[in-house]
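Below is one structure, written out as structure tokens; comments come after it.
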Amino acid sequence: MQQLTGLDSAFLQLETPSQFGHVAGLAVFSRPSTPEDYDPYTAWRTQIEERLHLLEPLRRRLVEVPLGLDHPFWIEDPHFDLDFHVRHTAVPPPGSRRQLSDVVARIIGRPLDRTRPLWLSYVIEGLAGDQFAVLTVFHHATVDGASGVELMTIMFDQQREGRPVTERPADDWVGERKPGDLELLVRTALNLPRKPARAVLLAARTAGEIGRATRNPVLVKAADQVRAGLRGPLGAVLNLGREREHAPTASLPSLRPPRTPFNAPITPHRRLALGSASLDEVRAIKKVFGVTVNDVVVAVCSGGLRDWLERHDALPDAPLVGLVPISVRTGEEEHRWTNRVSMLITALPTDEADPVARLHAVHEAMQTSKDLFGALPAERLTDFAEFPPPAVFARAMRVSSRLHLGSRFTPGNVVISNVPGSRAPLYAAGARLEHYYPLSVVMEGQGLNITVQSYLDRLDFGLVCCPELVPDVELMLEAILADIDALSAAAADLVS
């Protein structure tokens, strides 16, 4: 039995009737030429079954602490049923990309069953070109982006014929006994006394670090006074390192998200736009203009957002504010399958009409944001999630949802995430992976999410939105891809 971290638990407590905590990946495969009677569902289910002993998150389920007094626990599900999780559906052949998107949108627009392990996998047949898709949905409490990629490498192969899997007897695995309420309450009682001291330590350290990062002497002085005034063993711990001076590294940018049509209350409905661009083209743009691939991705997404807002006569004068997930995984984590992610806040120059000028503005904004991010250790931000009891967090989310507070006080306009993927071909059950579209979460007040993942020589875009706020998300994707073409043409002009 393993307790969830505060951050893992937060992804559970964030859920409301219209806001879900799961992420997904849509893999599109080409059928192998042999055997002629190849069955995608049977082949995929068999591959998962053979590797279950390597895929720990697939067989663990939640156990909630009574009254939400502490973070839940994972146990190995004693009633695990693979057939519940691996499912089969289809679109009318020859299915179009839009039909596939509609089926996927209906699936991800429903919450996962918390009495089972928090994942599902749908094999979707009927696609044109003798293709099929596999949609795999995981709750964010189970994995983050980095550990999700690791799961994918275990599920997929680098050769069409597959790879040897460590043999393990079918009856070797058994689930865990579900603990009773009294046992969970005893564990909670033992955990609670340690939290106040840890919270004071974290708050004092963080205040000082924010003060130094933002050149705010008031914060630094206040944090030092709090720490200096503490006596006893706790004071000794808190005052460690006070004598060390830290040079300021960055100034905190003043970023206030302007209002847009997609920063409003969301519904449970979802809509997708799926598309691809040439990774080599993006790398050529990066080289010519002296920026990063991530800069190019953020810049073209800013261009797509600008175009869509202009079409709807809703383009604000101020730049939008983007939230960019950042992995803080070090490789030394005690637990492999958990969340280690933070968020970088940056300006999106949607007020800039020229694509090249917009790219340079993104590069500068991202560098400033990275400097500040580096000045404040990311673990400080994720560690704060350890302290609120789940019952308090869940109640706060219900109140926030009822009053639409997320729409009024959103820290950013949109989440933009760029995930590096494999540059080598991948296979599953003999079928070759052609595209991998990442699909992430929309939140109250942020009815749009843009996630990009590289695979082979392409960038696969997955835009997820609330259709009541963004009814024509396909137009935004078209504008993003057109912005890549514009930057590519500008890069070619400079080279020639």
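Following this note's numbering, the numbering of the sequence shown begins with 62 at its first residue and continues without gaps.
Glycine included, each C-beta is placed from N, C-alpha and C at the ideal position.
Could you please give me the residues that DSSP links to V417 through a beta bridge? Looking at the DSSP assignment, V417 forms no beta bridge with any residue, so it has no partner.
Which residue from D98, A338, S403 puts its Cα closest to that of S515? Taking each of D98, A338, S403 in turn and checking the Cα distance to S515, the smallest one comes out for A338.
If you draw a straight line from the C-alpha of A551 to the C-alpha of Q63, how long is it? 53 Å
Span of the alpha helix (DSSP H) holding Q74? 67-74
For P486 and Q220, what's the separation of their Cα atoms in angstroms? 8 Å
Out of A88, V531, I168, A547, state which residue places its alpha-carbon closest to the alpha-carbon of G482. Residue A88 holds the alpha-carbon nearest to the alpha-carbon of G482 among A88, V531, I168, A547.
Identify which residue in P386, P377, L251 has its Cα closest to the Cα of D205. D205 has its Cα closest to that of P386, out of P386, P377, L251.
Looking at the strands, I want to know which residues DSSP matches up with F81. None; F81 has no bridge partner.
Taking the alpha carbon of V382 as the point to measure from, which residue in H149, P319, D144 has its own alpha carbon closest? P319
Ordered along the chain, which non-local residues of its own chain (more than five positions away) have a Cβ less than 7 Å from that of D546? none
Three-state class that DSSP yields for A23 in the structure shown: Only positions 62 to 557 of the chain appear in this structure, which leaves residue 23 out of reach.
Which value, in whole angstroms, describes the spacing of the CA atoms of E97 and R493? 16 Å
Is there contact here, the segment 119-128 with the segment 499-510, by at least three beta-carbon pairs under 8 Å? Here the segment 119-128 makes no contact with the segment 499-510; the two share fewer than three CB pairs at distances below 8 Å.
7 Å CB neighbourhood of L568 in its chain, flanking five on each side removed: Coverage of the chain is limited to positions 62 through 557, which leaves residue 568 absent and any answer about it impossible.
So, for L301: in the same chain, excluding its five sequence neighbours on each side, which residues have a beta-carbon less than 6 Å away from its beta-carbon? Note that L301 has pLDDT 45, beneath the 50 cutoff, so the model's placement of it is unreliable and the number below is only indicative. Cβ within range, chain order: n/a, list empty.
Along the alpha helix (DSSP H) that carries T411, what are the first and last residues, could you check? According to the DSSP assignment, T411 belongs to no alpha helix (DSSP H), since it is labelled neither H nor E.
Could you tell me the distance, in whole angstroms, from the CA atom of D191 to the CA atom of L333? 22 Å
Quick check on F81: buried or exposed, where buried means 16 or more other Cβ atoms within 10 Å of its Cβ? buried
Taking the alpha-carbon positions, what's the P377 to V164 distance? 34 Å
Classify G290 as helix, strand or coil using the three-state DSSP reduction. Only weak support is given to the placement of G290: the predicted model assigns it a pLDDT of 48, under 50, and the value that follows is read from those uncertain coordinates. G290 falls in the coil class under three-state DSSP.
Please name the residue, chosen from F145, G156, I136, R484, that lies closest to E237 on a Cα-to-Cα basis. I136
Determine the burial state of S77: buried for a count of at least 16 other Cβ atoms within 10 Å of its Cβ, exposed for fewer. What sits at residue 77 in the sequence shown is Thr, not Ser. That one is buried.
What residue does the beta strand (DSSP E) around G523 start on, and which one ends it? 519-526
F350 in three-state terms, based on DSSP: helix
Considering only the alpha carbon of each residue, which of G351, L405, I109, T471 lies closest to V226? Answer by Cα proximity: I109.
Below 6 Å CB to CB, which residues in the same chain sit around N324 once its five sequence neighbours on both sides are set aside? T471, N474, G506
Please return the same chain residues whose Cβ sits closer than 6 Å to the Cβ of H200, not counting the five positions on each side in sequence. Exclusion of the five residues before and after H200 leaves G82, H83, L173, L179 as the residues of its chain whose Cβ lies within less than 6 Å of its Cβ.
Would you grab the beta carbon distance between D554 and P416 for me? Rounded to a whole angstrom, and I think it's under 8 Å. About 12 Å separates the beta carbon of D554 from that of P416, a gap too long to meet the 8 Å contact definition.
Alpha carbon to alpha carbon, what distance is there between V423 and V195? 34 Å
Using the rule of at least 16 other Cβ atoms within 10 Å of the residue's Cβ for burial, across every protein chain shown, is S557 buried or exposed? Residue environment for S557: exposed (fewer than 16 other C-beta atoms within 10 angstroms of its C-beta).
Taking T429 as the reference, give the member of I406, A360, R419 with the closest Cα. Distances from the alpha-carbon of T429 to those of I406, A360, R419 put I406 closest.
For a minimum of 3 consecutive residues, which ranges assigned as the beta strand (DSSP E) are wholly contained in the segment 76-147? Listed in chain order, they are 83-91, 121-124, 134-137.
When you compare only the Cα positions, how much space is there between S94 and D100? Near 12 Å, if we compare the C-alpha coordinates of D100 and S94.
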